[in-house]
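Quick note on numbering: the numbering used here labels position 175 of the sequence shown as 175, and the sequence is numbered without any gaps. Built from N, CA and C at the ideal position, the CB exists for glycine as well. Take a look at the structure below.
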Amino acid sequence: MKKAGLGLLQVYTGPGKGKTTAAVGLAVRAASAGLTVAFIQFMKPDESSELQALRNAGVTCSHFGGKGFLVPDGNPEPHIEAAKEGWERAVSYLCGETYTDVLIMDELCVALSLGLLDNAEVMTRIIERPHGLEVVCTGRDAPPELIAAADLVTDMGEVKHYFKQGIKARKGIEY
């Protein structure tokens with residue numbers, strides 16, 4: 001059932017911390033309000049802790065990553081394959097084959113900026129999505145076309161970060 005007021009495109013981008021966390025908060029809020037939510041995670045090396053919380057809240061979660069770091073001289077094929085698998089799942093929602101009220105594509109912007117997915121195809125699918133489908137895209141380096149098409153863009157800026165003091169990512173806090 002379509003919900004009134006849905007159908008916007010939101011983008012959370014920028015170099016700072018909090019893009020995925022903001023999307024997770026939106027997912028929990030939407031699910032708690034009775035909306036159906038699909039959360040597709042690109043690029044992350046392992047399932048992050050928040051996916052279990054989302055599943056507990058009734059969010060449909062899919063993870064397409066785990067291929068290690070993509071280095072300039074490395075083999076991009078495993079990363080391309082994982083991104084394409086995730087994109088195929090996203091297309092099922094964007095074409096209306098599978099229904100959801102809210103589609104969150106976590107780290108999609110990174111997959112696009114690394115050239116793992118075709119920008120033009122992604123933009124076409126997002127723009128031509130079913131009426132009423134709310135879409136949230138996260139990740140650094142959002143492409144200009146996505147920013148231009150968005151109804152809301154939040155640029156997470158980094159003012160100060162403890163990683164620069166040598167503090168590594170902590171389970172339950174950063175992932």
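Buried versus exposed, by CB contacts within 10 Å (16 or more), residue i
| i | result |
| --- | --- |
| Cys61 | buried |
| Ala27 | buried |
| Ile104 | buried |
| Ile127 | exposed |
| Thr124 | exposed |
| Gly65 | buried |
Reduced DSSP secondary structure (H/G/I, E/B, other) of residue i
| i | result |
| --- | --- |
| Ala38 | strand |
| Cys109 | helix |
| Glu173 | This sequence places Ile at residue 173; Glu is not what is there. Ile173: coil per DSSP, three-state reduction. |
| Ile127 | helix |
| Leu152 | strand |
| Glu134 | strand |
| Val11 | strand |
| Pro143 | coil |
| Lys19 | helix |
| Lys168 | coil |
| Leu116 | coil |
| Leu6 | coil |
Supposed contact pair residue j and residue i - C-beta distance, whole angstroms, cut 8 Å
| i | j | result |
| --- | --- | --- |
| Cys137 | Cys109 | 6 Å |
| Ile80 | Leu116 | 5 Å |
| Asp151 | Gln10 | 7 Å |
Nearest-angstrom Cα separation, counted from residue j out to residue i
| i | j | result |
| --- | --- | --- |
| Asp73 | Leu6 | 43 Å |
| Ser48 | Ala23 | 13 Å |
| Val37 | Val159 | 32 Å |
| Met1 | Leu54 | Residue placement at Met1 is flagged as unreliable, the pLDDT there being 45, under the threshold of 50; the coordinate-derived value follows with that caveat. Rounded to whole angstroms, Met1 to Leu54 spans 21 Å at the Cα level. |
| Ala30 | Leu70 | 33 Å |
| Glu85 | Gln41 | 11 Å |
| Tyr99 | Leu133 | 9 Å |
| Gly34 | Asn75 | 43 Å |
> Which parts of the stretch 53–107 are runs of the alpha helix (DSSP H), unbroken and 4 residues or longer, counting only runs that do not cross its ends?
Replying inline: 77–94
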